[in-house]
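Numbering-wise, our numbering comes out as the position in the sequence shown, counting from 1, plus 340.
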Amino acid sequence: MDQDNSNLNVTSELKIAVKRTRRFIKWIVLAIVILYLSLGFYTIRTNEQGVLELMGSVVDKRVLPGLHYTFPWPFSRVYKVTVKKDESFTVADFYQDSRADSRASIFYNLTGLESYALSGDNNAVEIKVIVQYRISDPFDYLFGAAQKTTLLRDIICREIIHLLAVQPVNIILTSGKDAIKNQLQMNAQKKLDQNKTGLTIHRVDIKDIRPPSSVQLYFDDVINAQIDKEKMKSRAESYANEEVARARGEGDRKIKESSSYRDKAIQSSRGESVRFEKILSEYSKVPQITRKRLYLEFARECLSQLKNTYLIDRKDGVNPANLHLLPGT
Numbered sequence: 341m342d343q344d345n346s347n348l349n350v351t352s353e354l355k356i357a358v359k360r361t362r363r364f365i366k367w368i369v370l371a372i373v374i375l376y377l378s379l380g381f382y383t384i385r386t387n388e389q390g391v392l393e394l395m396g397s398v399v400d401k402r403v404l405p406g407l408h409y410t411f412p413w414p415f416s417r418v419y420k421v422t423v424k425k426d427e428s429f430t431v432a433d434f435y436q437d438s439r440a441d442s443r444a445s446i447f448y449n450l451t452g453l454e455s456y457a458l459s460g461d462n463n464a465v466e467i468k469v470i471v472q473y474r475i476s477d478p479f480d481y482l483f484g485a486a487q488k489t490t491l492l493r494d495i496i497c498r499e500i501i502h503l504l505a506v507q508p509v510n511i512i513l514t515s516g517k518d519a520i521k522n523q524l525q526m527n528a529q530k531k532l533d534q535n536k537t538g539l540t541i542h543r544v545d546i547k548d549i550r551p552p553s554s555v556q557l558y559f560d561d562v563i564n565a566q567i568d569k570e571k572m573k574s575r576a577e578s579y580a581n582e583e584v585a586r587a588r589g590e591g592d593r594k595i596k597e598s599s600s601y602r603d604k605a606i607q608s609s610r611g612e613s614v615r616f617e618k619i620l621s622e623y624s625k626v627p628q629i630t631r632k633r634l635y636l637e638f639a640r641e642c643l644s645q646l647k648n649t650y651l652i653d654r655k656d657g658v659n660p661a662n663l664h665l666l667p668g669t
């Protein structure tokens, strides 16, 4: 009897232990599930963008900064790409410098040949370019063309060759730098977009552009001559502008004087016309008196301009009398 009770107690304790074990396992499993699901939370920083891949397919090409959730691995995968960081490199493939590790120096050591670009008039030109770029499209950057930076460098080199090959050397070395720089950036960006690299060229700077050192002096003479030409041209244009301005001023003055003379002549003619009409009206009324008055006015006007006035008696032939007429008499 005691043995049966003992067996019952053992069985009861085993059942309790099994229940506790099951309960403990459930909590463990639940904790593991919760922990696993919590792995689906991820953060995209302010200088990053993400690409979300679910079950092997991209479902979001541009995940913006912030806290997000997705199914944990292996169901999904999040790629984080830094997009607001400028990267740069120098293209000195066509530039000779003293650095032994430069691409041009390595090429010269291997082949004995200098590396340079050719202008449109078949002159050698050395050029060094600095390119700044950043990742603008994380999806294309991750899944587009391979070896993006190498491709970008190759595109820049090809565009340098093409752009310099259509320009004369005097334009390349003087006034054409800005145009070459802008065209280089535009053409290279177009090629990057066509190849879906996800890169955007932020800035292109021509660090240096020059003829080879062996002919530098000759190019300096040409450039100085060009500068002197531009100075003389500027002086000539300045002198021409001054002369044109002076001639225009003189012409305006003549026009004003002519207009003033015309206005005065018109006013004088109108005054004479009014005076004549007035005299004509008086003459029609009393012609004898008006004729005598006009004669006396004419005589007074004429005699007042003479220094000496003589009256001669034609009949008797006596000596003339010297009259002194006072003004206004």
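All C-beta atoms in this analysis are idealised placements derived from N, C-alpha and C, irrespective of residue type, glycine included. Bear in mind that the values here come from a model prediction, so they are computed numbers and not experimental data.
The beta-carbon separation of V544 and P478, rounded to 23 Å, does not stay under the 8 Å limit for a contact. In the DSSP assignment, E388 is bridged to T422.
Fewer than three pairs of CB atoms, one per stretch, sit closer than 8 Å, so the stretch 360-367 makes no contact with the stretch 383-398.
For Q566, the uninterrupted alpha helix (DSSP H) run begins and ends at Q556 to K625, by DSSP.
Contact check for I520 against I512 passes: the beta carbons are separated by less than 8 Å.
Under DSSP, S416 takes part in a beta bridge, and its partners are L394. For T514, no beta strand (DSSP E) segment is defined, and its DSSP state is neither H nor E. DSSP, read as helix, strand or coil, puts S428 in strand. Membership of T490 in any beta strand (DSSP E) is not indicated; the residue belongs instead to the alpha helix (DSSP H) covering K488 to L504. Less than 8 Å divides the Cβ of V418 from the Cβ of Y382. Bounds of the alpha helix (DSSP H) holding Y481 are P478 to F483.
In the three-state scheme derived from DSSP, where H, G and I count as helix and E and B as strand, F638 is classed as helix.
Going by DSSP, L407 is part of the beta strand (DSSP E) stretching over G406 to Y409. The C-beta distance from I549 to I467 rounds to 5 Å, short enough to meet the 8 Å contact threshold. Residues Q507 of the same chain have their beta carbon placed closer than 8 Å to that of G516, with the five preceding and five following residues left out of the count. Per the Cβ contact rule, the stretch 526-545 is not in contact with the stretch 558-578 (fewer than 3 Cβ pairs under 8 Å). According to DSSP, T383 shares a beta bridge with L407. Straight through space, the alpha carbons of Q525 and K571 are spaced by roughly 32 Å. DSSP, reduced to helix, strand and coil, places Y473 within a strand of the structure shown. The three-state secondary structure of K547, taken from DSSP, is strand. For D518, there are no CB contacts under 7 Å within the same chain when 5 residues up- and downstream are skipped. In the DSSP assignment, V399 is bridged to no other residue. With respect to the 8 Å criterion, P551 and N463 are classified as neighbours on the basis of their beta carbons.
I470 is positioned such that its CB atom lies closer than 8 Å to that of T430. The shortest C-alpha to C-alpha distance from R493 to any of R593, S574, E583 and Q529 is the one to Q529.
Here T537 carries a coil assignment [DSSP, helix/strand/coil]. Taking 8 Å as the cut-off, the Cβ atoms of L377 and P412 count as close. Separation of I374 and G380 (C-alpha to C-alpha, rounded to the nearest whole angstrom) is 10 Å.
CA-to-CA, the gap between V369 and H408 works out to about 25 Å. Take the alpha-carbon of L634 and the one of S598: they are about 34 Å apart. Taking all protein chains in view, the Cβ of L532 is crowded by 16 or more other Cβ atoms within 10 Å, so the residue is classified as buried. In this structure F434 is buried. Its beta-carbon is surrounded by 16 or more other beta-carbon atoms within 10 angstroms.
Taking the C-beta atoms as reference points, L458 is found nearer than 8 Å to A505.
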